[in-house]
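First comes the structure, then the notes that go with it.
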Amino acid sequence: LHTKVAVGADGLIKFAYLADIHVSEGTTNIADLEASVNDINKQEDIDFVIFAGDITEFGSDREISIAAEVIGRLNKPYIVLSGNHDSKWSESGCNTFAKVFGYEFFRLDIGDFVFLGCNSGPNMRMAPALVPRESILKLRELSAELSHNPSAKQHEKGAPNVVFINHYPLDDAMLNWREVTTELRKMKTQLAMCGHGHNNQVLMFDGIPAVMGR
């Protein structure tokens with residue numbers, strides 16, 4: 017997915033960020049998501065919304081359908097990425113999540129920033145977490161295009177600022193995290209954002225400033 021969003025009239029980039037929603041029938045999480053969507057819809061100055069993984073509890077087709085229906089009520093652009101709970105028990109081998117939301121890697125251009133993100137999680141039931149190979153290759157392609165190197169193909173004003181979003185922290189929680197940070201360090205990466213830890217905290221991944229959201 018490659019899309020663009022216009023910067024607000026005040027010149028600031030404002031977005032809502034949610035992670036670890038864990039939609040599951042018989043819990044309050046569905047009502048919590050509905051309340052979040054309603055709240056975001058009332059805030060006219062929010063430019064877009066990012067959902068950073070663990071959208072569902074077990075990755076079932078039913079849970080994905082419920083989550084997609086509620087998220088679809090948003091009145092502004094949104095991005096949805098998967099996490100480990102969306103994949104490690106998936107009854108469809110993760111195919112339903114990708115089919116419903118339509119992509120596994122996204123690029124969103126807004127102002128002087130490029131937001132990049134990809135699905136991540138086990139590639140089979142209960143396997144270790146990783147960023148899929150095809151997403152690593154896409155990241156390599158973009159790191160060449162958006163390289164912080166004056167000789168690279170880029171806008172006249174220079175390389176754009178990059179924000180990277182992934183469900184997992186870019187550390188030992190994920191097998192191939194260094195492949196990701198290697199590409200991010202080639203770009204003008206200002207921030208990496210993650211979920212997974214159910215906390216709000218400031219972090220640092222391989223020299224890249226980072227934050228965890230919940």
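For my numbering, count along the sequence shown from 1 and bump the result up by 16.
Every residue gets a Cβ at the ideal spot worked out from N, C-alpha and C, and that includes glycine.
Since we're looking at a predicted model, the values are computed, not measured.
Legend entry - residue 48 (DSSP reduced to helix, strand or coil): helix
Legend entry - Distance, residue 148 Cα to residue 172 Cα: With a pLDDT of only 43 at residue 172, under 50, the local geometry of the prediction cannot be trusted, and the value read off the model is given with reservation. Going from the Cα of residue 172 to the Cα of residue 148 covers about 32 Å.
Inset, instruction - Drop a sphere of 10 angstroms on the beta-carbon of residue 227, count the other beta-carbons inside from all chains shown, and report buried for 16 or more, exposed for fewer. - result: exposed
Inset, instruction - Find the nearest neighbour of residue 229 within the set 223, 220, 216, judged by alpha-carbon distance. - result: 216
Inset, instruction - Report yes or no: do three or more beta-carbon pairs, one from the segment 73-88 and one from the segment 121-129, lie closer than 8 Å? - result: no
Legend entry - Counted within 10 angstroms of its Cβ, other Cβ atoms place residue 150 as buried (16 or more) or exposed: exposed
Legend entry - The alpha helix (DSSP H) enclosing residue 83, as first and last residue numbers: 77-87
Legend entry - Closest Cα partner of residue 144 within the set 193, 209, 58: 193
Inset, instruction - Give me whichever residues DSSP pairs with residue 177 in a beta bridge. - result: 129, 204
Legend entry - Simplified DSSP assignment, three categories, for residue 121: strand
Inset, instruction - Using a threshold of 8 Å, state whether the C-beta atoms of residue 137 and residue 104 are closer than that. - result: yes
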